[in-house]
Amino acid sequence: MPSIKQFQVTFDCAEPERVARFWCEVLGYVVPPPPKGFATWDDFNRSLPAEDQGAWFACTDPSGVGPRLFFQRVPEGKVVKNRVHLCVRAGTGLVGEERLATLEAESARLVALGAVQVRILRADGVNESCIVMQDVEGNEFCLD
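Residue numbers (the numbering used here): 14 to 157.
As structure tokens, this is what we get:
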């Protein structure tokens, strides 16, 4: 059986471009070029029927290593906890107070972008510290 080489992470959301641009800032991702024949994404959007304008947006890892993130507009809002979430690896290799300080600094940067810090989970002897966050539309993610 062949192995899967790439995958995409899809977010349901109310404002695809807003959420995508937030995640670009979080992860250092970029907005890919607009489709062939269009100078900008705005030009592309204007070419669509009104009900499809702004219906989706995407961002990609400029190194080509990470998965593509796709954001699609859905009519319903988020009601309960995500079944899947991203873990942003901001403290890899760090332990103790150094790790927590690094995570708290990254949390402050993301809060300035519109994220919400939900809670800090402190090291317990088995697991290192992490911080539970929410993006600009309330989707949970972790800084770890």
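No residue lacks a Cβ here, since even glycine has one placed at the ideal position from N, Cα and C.
Supposed close pair residue i, residue j - CB separation, criterion 8 Å
i: Arg10; j: Ser142; result: Because the chain here runs from 14 to 157, residue 10 falls outside it and cannot be looked at.
i: Val124; j: Leu134; result: Actually they do not touch by this definition, with Cβ atoms about 17 Å apart.
i: Val32; j: Val149; result: 6 Å
i: Gln21; j: Pro62; result: Between Pro62 and Gln21 the Cβ distance is about 24 Å, and since that is not below 8 Å, they are no contact.
Residue i - containing beta strand (DSSP E), residue span
i: Glu28; result: Segment: none, Glu28 is in no beta strand (DSSP E) and carries neither H nor E.
i: Arg122; result: No beta strand (DSSP E) contains Arg122, which is instead part of the alpha helix (DSSP H) from 109-125.
i: Arg86; result: 81-86
i: Arg132; result: 129-134
i: Phe51; result: Phe51 -> no beta strand (DSSP E), and no H or E assigned at all.
Sequence-distant residues of its chain with Cβ nearer than 6 Å to residue i (five each side left out)
i: Glu30; result: Phe70
i: Arg132; result: Val145
i: Leu107; result: Thr115
Nearest-angstrom Cα separation, counted from residue j out to residue i
i: Tyr137; j: Ser16; result: First, the amino acid is wrong: residue 137 is Asp here, not Tyr. So the two alpha carbons sit approximately 36 Å from each other.
i: Thr73; j: Ala52; result: 19 Å
i: Ala27; j: Arg34; result: 13 Å
i: Ser60; j: Leu116; result: 42 Å
i: Asp25; j: Gly127; result: 18 Å
i: Asn58; j: Val129; result: 30 Å
i: Val87; j: Trp54; result: 20 Å
i: Leu82; j: Asn140; result: 28 Å
Own chain, CB closer than 8 Å to residue i, minus 5 neighbours either side, in chain order
i: Asp56; result: Pro47
i: Cys155; result: His98, Leu99, Cys100, Val101, Cys143, Ile144, Val145, Met146
i: Glu153; result: Lys94, Asn95, His98, Val131, Val145, Met146, Gln147
Opposing strand residues paired with residue i [DSSP bridges]
i: Cys155; result: Cys100, Val145
Start-to-end residues for the alpha helix (DSSP H) that takes in residue i
i: Phe57; result: 54-59
Residue i beta carbon near the ligand HEM (any heavy atom closer than 7 Å)
i: Ala118; result: The ligand content of the structure shown is nil, which means the ligand HEM is not present either.
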